[in-house]
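Chemist: Structure provided below as structure tokens; questions to follow.
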Amino acid sequence: MTALIVCHFVLAAFARPLVRALGRRAFVVLALPPAAATVWAATQWNTAASGSAVTWTWRWMPAYDVTVALRFDALAELMVLLAAGIGTLVLLYCASYFTDGTPQLAGFAGNLLAFAGAMLALVLADDLISLYVFWELTTVFSFLLIGYDSEQKHSRRSALQALTVTTLGGLAMLVGFLIIGQSAGTYRISAILADPPRAGLAVSVAVVLILCGALSKSAIWPFSLWLPNAMAAPTPVSAYLHAAAMVKAGVYLVARLAPGFADVPVWRPVVIVLGAATMLLGGWRALRLNDLKLVLAYGTVSQLGFLTLLAGTGNRDTALAAAVMILGHALFKAPLFLVTGIVDHAAGTRDLRRLSGVGRALPHVCTVAVLAAASMAALPPLLGFAAKEAAFDALLHGSTADRWALGITVAGSALTVAYTLRFVWGAFFRKPGAEDTPVHRVGWAFLAPPALLAACGLVLGPGVGWTDRLFGAYADAFPPSAHPYHLALWHGFGTALLLSAVATAGGVLLFTGRTTVTRLSRRIAWPTADSVFGHLLLGLERFSLQLTGFVQRGSLSVYLATTLLVVLAGQLTVLGVDRPWRGAVAPRVWDVPLQGAVALLTCAAALCCLTVRRRMKAVVLAGLTGYGAALLFVVQGGPDLALTQFCVETVSMIVFVLVLRRMPVHFQESVSTWRRAVRIPVALAAAATLGVVVWVASAARTGAPAGAAMVEEVSHHGLKDVVATILVDLRSWDTMGESAVLAAAAVGVTSLIYLHRRTEGSSLREEVRGRTAWSLTAPGMTGLPHGDEGAPERGWLAAGSTLAPEHRSIVFEVVARLLFHPVLVLSVYLLFCAENMPGGGFVAGLVAGLALITRYLAGGRFELAEAAPLQPGLFTGLGLFLSTGVALLGLADGTVLHAWTHHGRLPLIGEYHIGTPVLFDFGVYLLVLGVVLDIVRALGAKIDRQIERAAAEQAAAAGTPAPPRPAPGTEGTPG
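Counting from 1, position 444 in the sequence shown corresponds to residue 443 in numbering that gives the first Met the number 0; the numbering is continuous, with no gaps.
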């Protein structure tokens, strides 16, 4: 099972090269994983039908009882056959539906196959948390598939709407899962259903939350608005996601949990009422639409309401009817969507008012559509008829609520017959006064997938008894009924058959009076859910703007004061109520007097920040406070922390300086006396409270410190640096998370600056000849040497020609060039010595970044481009890839981030060893280097461009052309 799921995602990752090499024929290759899953599921039919299950469990984190569990039983057999089998046919259909020149085809193909893998994993998951993960993966991939044509506003809006509705439902479902898991003492689904937690307030709340997720996924009212709008997706997506797979996920979850929770008091009212309402509302809306896909979409909404009602009723016979109805719905709705795509492809329209005589021009397509539509209308001898008979009979012999639901389902079935006739008539019949629609021929490969599905519906009608054993194995999880129902095409004349005839006759009457029905439907129509959703979003946006305008005043001091006051109030409340300082060890002023001296100087630098008016002085003084903290680490005996603090503070100061170039020299904000009188007490109180909290937290320790155990563990492996080992081995999960956050933050910040592109582009060489930020002079200066006359005998910088003579410092250029490579070597040394000496990938990356920053400060953005010709994203991505790869390598021994060490001997070098923590740390090194380089290019090189453009505009306005600069490489040439 695991291999089948993994194959979907692995091949999806190679969709782009496959599409590039094979074009649309790549869909045939991509259909192999779901085809293999279908064959495997078919071989397990007898196992599932006998009531047995195939299970697989992987204890991911045994210490925390986190496992990934899969279970293949009767219900999973049905869902795997639908998700994988129809997925295979839809992928083959795509090979004819698209052309080789279709834009973004590779991304679409990969997303579709990845969705199939996520859906397969969802129906096999036997763990609530695993199920939620794959549930949300289907949500993400459906968002990408619905928004495939991202240039269309309607596609983007529809994708966002589907994502919003299903994600909100999924989050509510997650909370319900957590409550159920805690109440049951396990998250294993099979164990929960075998021994459900006792019904109580917590379980009832959890059930409602879980149903919110299931109903939103299956587009049950009031969450049904997203499904019709999702028809903006290509037809293969509609056929797969919105007929056979994604929308079935909610019905599957209801069917999966019903054996254990159908007796919870809130379960049946929610499921039956909302399911019945959805069946009626969706069917009624389908009667007045003219787009074939929308007719099917609202018909799908109606059918999903019917399926949810059956799956959630909670007795054996309705569960049996739900299972066969799930199969029947997939086998008639998927081919109808595929046929709609063929008609649209051949005729160029889906508007039933413009289609006329298509059935005569495409007789084979019409035959397939009629077969599938007859099954949807529950006409014998199709599978839909046998499924509808089973549903009517089960509800007829149920409780009073079931019989009320029966009356609604009969009315809904009449609506189903009516919109089915509307679909067939609109797509294929001749319309009075309308000319036949010109169409082109359809190849057999295009028609084969829907034809095969429709044929299955025809064969399984008389052969529905073949499925009775499998579906009965699932239905037997419910309490047995006095007279269990068994699937068959013909049960004789009875009430169920009479109700089917009534529904069919009612549907024919509705279709016959379609003009009157359409007029009446539009006259009494409520506001559409889509318009309500739009108004809600608009109101939310307006409210957020008003709230933001009230709260966000544009003053950083106000924001900081508000934050400090909230923290202060909370901490003082806790301290006043608990009084945790009682019994705490009194704090020491210092361990050594040197700490007091460093702290005094640090505080003095911080206080001086309050008196300066120039931004640059404030930055320098703030940097001194950081250096003071680093000195405290040195005195305390923490060289790793001190080295990191020194590097971070240096990079931060340089970043501040780069930003200050575009800001006024002096602070603009004027502070009144009363504001200063308020700010000072707040700042002092917050600082004092924080100091007390740190003291109390340190004094509250009751257990033995973990430091001794960590030192012993590190020394056991022949290492000495405990801090570095903690970062890359003992607590490497934290490091991975922080690395990902660091990369995301850097990309986000720099993306705000790079609005259009993130690369220097190919115009660097040409720009060198023009004016640059480093060659601009504030006032026009005369009497200075230019060209060879003032150039040094040797060019120390690659971009020295871009520097104005008055801006050059030969000493700085020489020092920057001479120290560049030694500093890079030092960074590599710090990387590899971290096992036994202060260092590590983070510090080493910062040191390497400082080397590049020095080159930039000496020669500008062109010098930086010469020193680091590769893009920052390459370093960042490669670092994340390497760290993640090393983490996953540990799976070979059963757990993520398991450490491996190799010992060997090399000539001339002698004994050596290398471990995966070093490789992991190398990934951190590359990531930090990429982040620093990205920030410098954004805040340095990009701002340089802005300065150059401003200077060019100023020069153009003044009518003075910019003086040409000598070509690169000519400075320093003897005359």
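Backbone N, C-alpha and C fix where the C-beta goes; we use that ideal spot for every residue, glycine too.
Tell me the DSSP secondary structure of D1037 in three-state form.
Modeler: For the chain, the structure presents residues 0 to 974; residue 1037 sits outside this window and is missing.
Chemist: Give me the DSSP bridge partner(s) of Y911.
Modeler: DSSP, once it has assigned bridges, lists G903 as partnering Y911.
Chemist: Keeping to the same chain, check which residues put their C-beta closer than 6 Å to that of V18; ignore five residues upstream and five downstream.
Modeler: Hits under 6 Å: A25, L104, A105, A108.
Chemist: So what's D148 in DSSP terms, helix, strand or just coil?
Modeler: In this structure, D148 counts as coil in the three-state DSSP scheme.
Chemist: Can you tell me which of the three DSSP states L69 falls into?
Modeler: Strand at L69.
Chemist: Which whole-angstrom value describes the C-beta separation of P449 and V338, a residue pair presumed to lie in contact below a C-beta threshold of 8 Å?
Modeler: About 5 Å separates the two Cβ atoms, so the contact holds.
Chemist: Is the beta carbon of H396 less than 8 Å from the beta carbon of D475?
Modeler: No, the Cβ-Cβ distance between H396 and D475 is not below 8 Å.
Chemist: Between which two residues does the alpha helix (DSSP H) harbouring W39 extend?
Modeler: Unbroken alpha helix (DSSP H) run through W39: 31-42.
Chemist: With a CB to CB cut of under 8 Å and the five nearest residues on each side skipped, what residues in its chain are close to R421?
Modeler: Closer than 8 Å at Cβ, skipping near neighbours: A285, L286, V294, L351, F510, R513.
Chemist: Output needed for H344: all residues of its chain with C-beta closer than 7 Å, excluding positions within five of it in sequence on either side, in chain order.
Modeler: Excluding residues within five positions, the ones whose Cβ falls inside 7 Å are Y96.
Chemist: Quick one: what's got a C-beta closer than 7 Å to I191's C-beta in the same chain, skipping five residues either side?
Modeler: Same-chain partners within the cutoff: I179, A183, T185, G259.
Chemist: Where does D639 fall in DSSP's three states?
Modeler: Reduced to three states, the DSSP call for D639 is helix.
Chemist: DSSP three-state call for R613: helix, strand or coil?
Modeler: Looking at R613 - three-state DSSP - the assignment turns out to be strand.
Chemist: My output table needs one value for W403: the three-state DSSP class, helix, strand or coil.
Modeler: Here W403 sits in helix by DSSP.
Chemist: Indicate whether the contact test is met: 3 or more Cβ pairs, each with one atom in the segment 70-85 and one in the segment 227-244, closer than 8 Å.
Modeler: The answer is yes - the segment 227-244 touches the segment 70-85, with three or more Cβ pairs under 8 Å.
Chemist: At the level of alpha carbons, what is the spacing between L563 and C211?
Modeler: When rounded, the distance between both Cα atoms is 38 Å.
Chemist: Please report the distance separating the alpha-carbon of L291 from that of R402.
Modeler: Cα to Cα, the separation comes out at about 33 Å.
Chemist: Distance check for G282 and G406, CA to CA, integer angstroms please.
Modeler: So the two alpha carbons sit approximately 15 Å from each other.
Chemist: Within 10 angstroms of its Cβ, does Y558 collect 16 or more other Cβ (buried), or is it exposed?
Modeler: Y558 should be labelled exposed.
Chemist: Could you please give the first and the last residue of the uninterrupted alpha helix (DSSP H) stretch that includes C211?
Modeler: Run containing C211: 200-216, per the alpha helix (DSSP H) assignment.
Chemist: In whole angstroms, what is the alpha-carbon distance linking L457 and A373?
Modeler: Each residue's alpha carbon lies about 9 Å from the other.
Chemist: Would you report the Cα separation of A568 and T688, rounded to the nearest angstrom?
Modeler: A568 and T688: Cα-Cα distance of roughly 10 Å.
Chemist: Looking at the structure shown, is V132 part of a helix, part of a strand, or coil, going by DSSP?
Modeler: DSSP places V132 in helix when its eight states are reduced to three.
Chemist: If we ignore side chains and look at the alpha-carbon of each, how far apart do L273 and L555 end up?
Modeler: Whole-angstrom Cα-Cα distance: 49 Å.
Chemist: Per DSSP, which residues does D126 bridge with? Please list them.
Modeler: Answer is R187.
Chemist: Classify W220 as helix, strand or coil using the three-state DSSP reduction.
Modeler: If DSSP states are grouped into helix, strand and coil, W220 belongs with coil.
Chemist: Helix, strand or coil for V584, going by three-state DSSP, please let me know.
Modeler: Coil.
Chemist: For a test of the three-state rule: what should DSSP assign to T101, helix, strand or coil?
Modeler: It is coil, neither helix nor strand.
Chemist: Alpha carbon to alpha carbon, how far is S157 from T234?
Modeler: Using only the alpha carbons, I get a separation of about 15 Å.
Chemist: For the alpha helix (DSSP H) that contains W283, what are its first and last residues?
Modeler: Note, W283: alpha helix (DSSP H), 266-285.
Chemist: Where do the N-terminal and C-terminal ends of the alpha helix (DSSP H) with S237 fall, by residue?
Modeler: S237 -> alpha helix (DSSP H) spans 234-240.
Chemist: Could you give the C-beta distance for L319 and G493, rounded to a whole number, given that I count them as a contact under 8 Å?
Modeler: Not confirmed; about 17 Å, so no contact.
Chemist: Does the beta-carbon of F427 have 16 or more other beta-carbons within 10 angstroms, so that it is buried, or is it exposed?
Modeler: When all chains shown are included, F427 counts as buried.
Chemist: Which stretch, first to last residue, makes up the alpha helix (DSSP H) that contains G575?
Modeler: Start and end: 555-577.
Chemist: Just to confirm the assignment, what range does the alpha helix (DSSP H) spanning K332 have?
Modeler: Taken as a continuous stretch (DSSP letters only), the alpha helix (DSSP H) holding K332 covers 315-346.
Chemist: Would you kindly check if the distance between the Cβ of T643 and the Cβ of F841 is under 8 Å?
Modeler: In contact: F841 and T643 (Cβ atoms closer than 8 Å).
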